[in-house]
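Chains U and H, in that order, are what the protein sequence lines are.
First residue of the first sequence: 1, per this note's numbering; consecutive thereafter.
First residue of the second sequence: 1, per this note's numbering; consecutive thereafter.
Note that beta-carbon positions come from the ideal geometry of N, C-alpha and C, so glycine has one too.
Since the structure comes first, as structure tokens, the remarks are kept for the end.
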Amino acid sequence: MVIKKTNIWPWLYIAPALLILAFFLVYPIINTFYLSFLDKGSESFIGLSNYIFAFTQKPMLIAFRNNLLWLVVFTVFTVSLGLILAVLFDRVRYEAVVKSIIFLPMAISFVGAGIIWKFVYAYRPAGSPQIGFLNAVLSKFPNFEPIGWLVNKITNNFALIFVGIWIWVGFCMVILSAAYKGIPKELLEAARVDGANELQVFWRIIIPVMKPTIAVVATTMVINVLKVFDIVYVMTNGEFGTEVVANRMYKEMFQFHNFGRASAIAVILLLVIIPVMIINIRRFREQEAIR
Amino acid sequence: MNRKITKLFSRTLLHAVIIFISFMWLMPSLGLLVSSFRTRNDVLSSGWWTVFHHLLDFNQYSIENYNQVITASGMGRAFLNSLIVTIPSTIIVIMIAAFAAYAFARMEFPGRQILFVVVVGLLVVPLQMTLIPILRIYNKLGLAGTFYGIWLAHTGYGLPFAVFLLRNFFGALPKDIFESAFLDGASHHTAFFRLALPLSIPALASLAIFQFLWVWNDLLVALIYLGGTEEVSPLTLRLSSLVNSLGQNWHLLTAAAFISMVLPLVLFFSLQRYFVRGILAGSVKG
């Protein structure tokens, strides 16, 4: 650089950001680690008791099971549906319109989406008019008994996960669509000329070429899904076996005022996310090396 | 001829699938909008889609639900609170992030690389990790339940993404314009205010939309640091407590939910381009 005398200025430029990051992220992370080894009121050291609680108590095990269910179903559906829609929409002239429709829920809060879908899932006993769209449509089939989607233990977790999918597919679609449009058209045409059908083009060319982008989108979805809170909080508040880890943490914190347990749960969330963090940093370093 | 028919058939199928999915995606929001204009009795006795039987019968619609939730349920106050929370939270983040991002992208200083790697790492930290220590400090300082507290908190949580996005953008600006500016005797301040910022208006717009929507739609941060008092509750918080208190009063709940969605939807439709650009820049690279 030409200017050498201004050594203090870089620090003044980043100082506000560093101070705020240190206060709101770095310090609390360290402090939460520490609190997770203390008791309810953070007064005395109790070793690993909070972690033993987290991995043995029934409500926690249910929360872990549900998070795992979210992780698998949500991630698989958002990414694959996002990819399929990106490829399909590319073939029609009204692409912009349908993309906006799929993307629209991204602008809506999880709380708003929770209310929208609670109404879709609304349940009335058989015989009375169904005001929930889902039960109303299904009632057209003979012998259908209306289902309390959010209460029924077989359906409720999937009903909640679908709300998440409804919101996030648009995000996946936008990124995957940009990557899809980046594939040279000659590559796809060449395969078609050689006699490959559309499915073969999809599996043998589109997916392998888009793999890096698919990986980025999938990791983003994994991060989102591990932190899921609002949807469950608004729609069921974790009742009927729908609790997830973040809701459990909130309850330990505000209902039971057990800050030790709440901290331990937060630490577990962070530990699960650390591999993703490492992948991200590595990917960032690779990109910097190319620059 | 046969091939033509197959092609026609597959095209029709394609359109049918696309229209079906789009319909499925739009239908829940449409149901909310329609229901918010129907009377209590109508909403409870028939599905919202029955309005399409006599769509132009305007007697079936009313704005009474909106009157009621804005005044009696406190959604008017909550709307104002959401603005009070969101606007400063958006502006402060962008200002602080822009300076830091410029330093990371264009200035030389020891530790630059490692500090930025820390920022990349912080991008994915779950908020849950920070809630208890910050809340304790807030309680001591009297910041819990105040707008100052939540502005600062949203600034902290939004910073890693903002710095990351802007730094990548500043870094991608052509080098020679900076070099020739420095040769002409420009300082870093001039380069920052006269070159980097004006050239980055699209990136700043993307970031502003992101942060605005993120804060506007946030529930968790407001729930923890603002608490439940009505004077300070933003829309999401108010709405989540109405879910409990209004229960099956769908005519009111739908109107309240729609009020919370109006501003994000307007932003979304008018600035979708920047929104998409921000997603692509922030995510493909990180």
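Could you pull out every residue in the same chain whose Cβ sits closer than 6 Å to the Cβ of residue i, ignoring the five residues on either side in sequence?
i: ALA179 of chain U; result: MET210 and THR213
i: GLN211 of chain H; result: THR90, VAL93 and GLY158
i: TRP117 of chain U; result: VAL163
i: GLU288 of chain U; result: none
Can you tell me where the alpha helix (DSSP H) with residue i in it begins and where it stops?
i: LYS185 of chain U; result: 185–193
i: MET95 of chain H; result: 75–106
i: LEU122 of chain H; result: 112–122
i: GLU292 of chain U; result: As shown, chain U starts at 1 and ends at 291. That puts residue 292 of chain U outside it, with no answer to give.
i: TRP166 of chain U; result: 156–181
i: MET312 of chain U; result: Outside the shown range of chain U (1 to 291) lies residue 312 of chain U, about which nothing can therefore be said.
i: ASP39 of chain U; result: From DSSP, ASP39 of chain U is part of no alpha helix (DSSP H); its letter is neither H nor E.
i: PHE147 of chain H; result: 147–172
i: THR300 of chain U; result: Only positions 1 to 291 of chain U appear in this structure, which leaves residue 300 of chain U out of reach.
i: LEU56 of chain H; result: That residue, LEU56 of chain H, is in no alpha helix (DSSP H); it is neither H nor E in DSSP.
i: PRO16 of chain U; result: 8–21
i: LEU131 of chain H; result: 128–141
i: MET221 of chain U; result: 207–226
i: VAL120 of chain U; result: 110–120
i: TRP25 of chain H; result: 2–36
i: TYR61 of chain H; result: Run containing TYR61 of chain H: none; DSSP gives neither H nor E here.
i: SER282 of chain U; result: Correcting the residue type first, residue 282 of chain U is Arg in the shown sequence and not Ser. Start and end: 259–290.
i: SER180 of chain H; result: 175–183
Hey, residue i and residue j: beta-carbon distance below 8 Å or not?
i: ALA203 of chain H; j: LEU152 of chain H; result: no
i: THR229 of chain H; j: SER109 of chain U; result: no
i: LEU134 of chain U; j: TYR121 of chain U; result: yes
i: ARG280 of chain U; j: LEU14 of chain H; result: In the sequence as displayed, the identity of residue 280 of chain U is Asn instead of Arg. Not closer than 8 Å, so no.
i: PHE170 of chain H; j: TYR102 of chain H; result: yes
i: TYR51 of chain U; j: ALA264 of chain U; result: yes
i: ASN7 of chain U; j: GLU243 of chain U; result: no
i: GLN130 of chain U; j: PRO105 of chain U; result: no
i: THR78 of chain U; j: TRP168 of chain U; result: yes
i: PHE119 of chain U; j: LEU32 of chain H; result: yes
i: VAL51 of chain H; j: ALA97 of chain H; result: no
i: LEU176 of chain U; j: ILE231 of chain U; result: no
i: VAL243 of chain H; j: THR86 of chain H; result: no
i: VAL188 of chain U; j: ILE205 of chain U; result: It should be pointed out that residue 188 of chain U corresponds to Leu in this sequence rather than to Val. Against a cut-off of 8 Å, the Cβ pair of ILE205 of chain U and LEU188 of chain U comes out as a contact.
i: TRP25 of chain H; j: ILE101 of chain U; result: yes
i: SER200 of chain H; j: GLY278 of chain H; result: no
i: PHE268 of chain H; j: ALA107 of chain U; result: yes
i: LEU21 of chain U; j: GLY156 of chain H; result: yes
Less than 7 Å between C-beta atoms, sequence neighbours within five positions excluded: which residues of the same chain meet that for residue i?
i: PHE162 of chain U; result: none
i: ILE224 of chain H; result: LEU131 and LEU135
i: ALA105 of chain H; result: ARG167, PHE170 and GLY171
i: ARG192 of chain U; result: VAL201
i: ALA292 of chain U; result: Here chain U has residues from 1 to 291 only, and residue 292 of chain U is not among them.
i: VAL216 of chain U; result: none
i: ILE209 of chain H; result: LEU267, LEU271, TYR274, PHE275 and GLY278
Kindly say whether residue i, judged by its beta-carbon, lies nearer than 8 Å to any beta-carbon of chain U.
i: THR155 of chain H; result: yes
i: ILE70 of chain H; result: no
i: PRO28 of chain H; result: yes
i: PRO126 of chain H; result: yes
i: LEU165 of chain H; result: no
i: PRO174 of chain H; result: no
i: TRP250 of chain H; result: yes
i: GLN211 of chain H; result: no
i: LEU239 of chain H; result: yes
i: GLY286 of chain H; result: Interpretation of GLY286 of chain H is limited by its pLDDT of 36, a score under 50 that renders its predicted location unreliable; no figure is taken from the coordinates.
i: THR130 of chain H; result: yes
i: ASN217 of chain H; result: yes
i: HIS54 of chain H; result: no
Got a sec? Which residues, its chain only, sit under 8 Å from residue i by beta carbon, not counting five neighbours each side?
i: PHE103 of chain U; result: GLY170, PHE171, MET173 and VAL174
i: ASN249 of chain H; result: ARG40
Within 8 Å of any Cβ in chain H, is that where the Cβ of residue i sits?
i: GLN200 of chain U; result: no
i: GLN255 of chain U; result: no
i: ARG282 of chain U; result: no
i: LYS227 of chain U; result: yes
i: ASN66 of chain U; result: no
i: ILE101 of chain U; result: yes
i: SER263 of chain U; result: yes
i: PHE144 of chain U; result: no
i: TYR233 of chain U; result: yes
Using a Cβ-Cβ distance cut-off of 8 Å, determine whether residue i contacts chain C.
i: THR190 of chain H; result: Going by chain labels, chain C is absent from the structure shown, which instead holds the protein chains U and H.
Task: Segments of 4+ residues assigned as alpha helix (DSSP H) that fall wholly inside the region 198–278 of chain H - done: 201–217, 220–225 and 235–246
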